[in-house]
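Just below is one structure, and these are the notes that go with it.
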Amino acid sequence: MGRYMNPPEKVKTLGRPLVPSDNFGELKRQLKEGEVLFGLYDGSFLIAPLIGGQEELAEFDATWKRRSGKLREFFAVAKTHESPKTGWNV
Numbered sequence: 001m002g003r004y005m006n007p008p009e010k011v012k013t014l015g016r017p018l019v020p021s022d023n024f025g026e027l028k029r030q031l032k033e034g035e036v037l038f039g040l041y042d043g044s045f046l047i048a049p050l051i052g053g054q055e056e057l058a059e060f061d062a063t064w065k066r067r068s069g070k071l072r073e074f075f076a077v078a079k080t081h082e083s084p085k086t087g088w089n090v
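Residues 1 to 90 in my numbering are what the sequence shown lists, from first letter to last.
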């Protein structure tokens, strides 16, 4: 677990919603060229992690389920929104 969009709510305006899935491959197939996958999770607090593979997806999902999460959405975000200086802090 490593990179997050800050503030997490910004993923909704920068990204386009994807059909939710527990399978990274299914989520990745929804991405267009030049896009990356972000999750938006609300357990006890809101986070928007960059998800790079099935292992990360499973880890975030497990944490979300343990915290009785209320919100779990996925978004495709253009790589061009990442700043060379601040990363995903937008």
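Even for Gly, the Cβ is constructed at its ideal location relative to N, Cα and C.
Query - Cβ distance (whole Å) where Arg-16 is taken to contact Phe-75 below 8 Å - result: Position 16 of the sequence shown, counting from 1, holds the residue named residue 16. Position 75 of the sequence shown, counting from 1, holds the residue named residue 75. Confirmed, Cβ separation roughly 6 Å.
Query raised in the report: Given a threshold of 16 other Cβ atoms within 10 Å of its Cβ, counted over all protein chains shown, does Phe-91 qualify as buried or as exposed?
Result: Residue 91 is absent from the model: the chain starts at 1 and stops at 90.
Query raised in the report: With burial defined as no fewer than 16 other Cβ atoms inside 10 Å of the residue's Cβ, what is the status of Val-19: buried or exposed?
Result: For this step, residue 19 is matched to residue 19 along the sequence shown. Val-19 is exposed by the Cβ-count criterion.
Query raised in the report: Where does the unbroken beta strand (DSSP E) through Val-77 begin, and where does it stop?
Result: In the sequence shown, counting from the first residue as 1, residue 77 sits at position 77. Where Val-77 is concerned, the enclosing beta strand (DSSP E) stretches over 71 to 78.
Query raised in the report: In this structure, does DSSP put Pro-20 in helix, strand or coil?
Result: Position 20 of the sequence shown, counted from the first residue, corresponds to residue 20. Residue state, collapsed to three classes: coil.
**Report entry** Residues sharing a beta bridge with Gly-39, DSSP
**Finding:** Here residue 39 is taken as the residue at index 39 of the sequence shown, counted from 1. Partner(s): Phe-74.
Requested in this report: Take Asp-61 and list the residues in its own chain whose beta-carbon comes closer than 8 Å to its own, dropping the five residues that flank it on each side.
Outcome: The residue given as residue 61 occupies position 61 in the sequence shown. Here the set comprises Asp-22 and Arg-72.
Query - Close-in-space but distant-in-sequence residues of the same chain around Tyr-41 (CB under 7 Å, 5 per side omitted) - result: Start at 1 with the first residue of the sequence shown, and residue 41 comes out as number 41. Closer than 7 Å at the Cβ level, and outside the excluded window around Tyr-41, lie Ile-47, Phe-60, Trp-64, Gly-69, Leu-71 and Arg-72.
Query raised in the report: Buried or exposed: where does Glu-35 fall if 16 or more other Cβ atoms within 10 Å of its Cβ makes it buried?
Result: Within the sequence shown, numbered from 1, the residue matching residue 35 stands at position 35. Buried, by the Cβ-count rule.
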